[in-house]
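Numbering (the numbering used here), first residue to last: 7 to 383.
Here is the structure we will look at, set down as structure tokens.
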Ligand SMILES: NC(=O)c1ccc[n+]([C@@H]2O[C@H](COP(=O)([O-])OP(=O)(O)OC[C@H]3O[C@@H](n4cnc5c(N)ncnc54)[C@H](O)[C@@H]3O)[C@@H](O)[C@H]2O)c1
Ligand SMILES: [Zn+2]
Ligand SMILES: [Zn+2]
């Protein structure tokens, strides 16, 4: 089959690899019809992770079941499913508690497994024609029967819509509150969308790319351009000097200033500075335990200079980590089905899988108008 294979920093190629096969009785095989490129793929694409060459990328996958293992009971050939980016077993202590992003059995290296991801197990991704899904009955989310309908919306339930929603859950967003979101990439835009769906009184979304800020504004947020003034000042001005009730970090360890120089602590410290005393922070942007490609020794060790004194002084609390997609995806699917959510507003490009190399290049450069790319194998 054809697949997007990682070869090294900024070197991915669409090439032929062996078809995946059923390897365990609970596996299913999915013929991918829609798969998207994520900001998380870009950390790997840029060589800022330890991903080994030869791995197939892609963790935001949707398609049709074409084969089931002998112990699969729920799914049938022909079912249309959205596959969460994390792989859970369903029976470990963390899966039982709904923390499927930290499954204790699927990754020999530690808690948490995912498709096509560095450090999260040996699994190939779905930027390909076919994908093997372990524990298919547990992991796959069934979609409404009508084929192709809202495919660009449902594919966002594999990761970014769920992750943006997770940011608002970690931050504890409630109706009538004010929310600041750092990052207007797909995840930040989904956190913005989710906070608005939850009834936030005001959502302020920070970035410096006008196209992404425009999308935030179009769905009802106040765009905050950090090229114009420090974002903390802008948020304090909009909240009577108090700060937002809740804050979401949707940028991660490659946060940079508007000139492109990386400072992994900027968004965290801006978040602390622009959320009110006793407010809550939800941090879903990716941070890593080691970053050999970082600019300085502190960041290379996965550490940062955090305004912890300010955080403590303000009595703020914080939640972090990868999204437990299964905790939300069926509800997000139903919001989409009933036209209460339309996450596909982030999609700027729909391309055949063969054009993945070009697509990665443009999306990685955060070129104007390249907000989210969806690939169809
Ligand atoms: N927790 C999870 O489960 C999970 C899931 C998916 C993605 N992620 C992570 O979320 C992050 C965002 O993903 P994405 O797909 O939106 O990526 P993206 O790279 O497309 O978007 C990031 C955005 O942040 C902006 N940005 C950079 N520095 C900034 C700063 N100092 N202040 C404000 N904005 C700044 C960029 O301009 C960009 O628009 C990534 O780190 C990704 O790995 C986490
Ligand atoms: Zn993703
Ligand atoms: Zn598990």
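Built from N, CA and C at the ideal position, the CB exists for glycine as well.
- Within the same chain, Cβ atoms closer than 6 Å to the Cβ of residue 205 are found at 181, the five residues on either side in sequence being excluded.
- Note that the C-beta distance between residue 295 and residue 308 is below 8 Å.
- The residue from 140, 189 and 112 with its alpha-carbon nearest to that of residue 218 is 189.
- When distances are taken from the beta-carbon of residue 109 to the heavy atoms of ligand 3, the shortest one is below 7 Å.
- Membership of residue 160 in the alpha helix (DSSP H) is indicated by the continuous run 157-160.
- For residue 14, the enclosing beta strand (DSSP E) begins and ends at 8-14.
- Within 10 angstroms of the beta-carbon of residue 112 lie 16 or more other beta-carbons, which makes it buried.
- Distances between the C-beta of residue 191 and the heavy atoms of ligand 1 include at least one below 7 Å.
- Excluding its 5 nearest sequence neighbours in each direction, residue 374 has C-beta neighbours in its own chain below 6 Å: 217, listed in chain order.
- Taking the CA atoms as reference points, residue 136 sits about 13 Å from residue 87.
- Taken through DSSP and simplified to helix, strand or coil, residue 341 comes out as helix.
- Under the DSSP definition of a beta bridge, residue 230 partners with 212.
- Between residue 128 and residue 335, the C-beta spacing is not below 8 Å.
- Residue 256: not part of any beta strand (DSSP E); DSSP gives it neither H nor E.
- Taking the Cβ of residue 199 as the reference point, every heavy atom of ligand 2 lies at 7 Å or farther away.
- Within a 10 Å sphere around the beta-carbon of residue 376 sit 16 or more other beta-carbons, which makes this residue buried.
- Closer than 7 Å to some heavy atom of ligand 2: that describes the Cβ of residue 46.
- Minimum Cα-Cα distance from residue 252 among the listed residues 245, 285, 270 and 240 corresponds to 285.
- Per DSSP, residue 334 lies in no beta strand (DSSP E) segment and is marked neither H nor E.
- Residue 377 sits in coil when the DSSP states are folded into three classes, being neither helix nor strand.
- If you check the C-beta of residue 10 against ligand 2, you find no heavy atom less than 7 Å away.
- With a cut-off of 7 Å, the C-beta of residue 329 is classified as near ligand 1, since at least one heavy atom of the ligand falls inside that distance.
- Under a 10 Å Cβ-count criterion, residue 344 is classified as exposed, with fewer than 16 other Cβ atoms of the shown protein chains found around its own Cβ.
- In the three-state reduction of the DSSP assignment, residue 136 falls in the strand class, which pools E and B.
- Runs of the beta strand (DSSP E) spanning 3 or more residues and lying entirely within the segment 72-142 occur at 86-89 and 136-139, in chain order.
- Shown here, residue 65 sits in coil according to DSSP, grouped into three states, outside any helix or strand.
- The DSSP-derived three-state label of residue 235 is coil.
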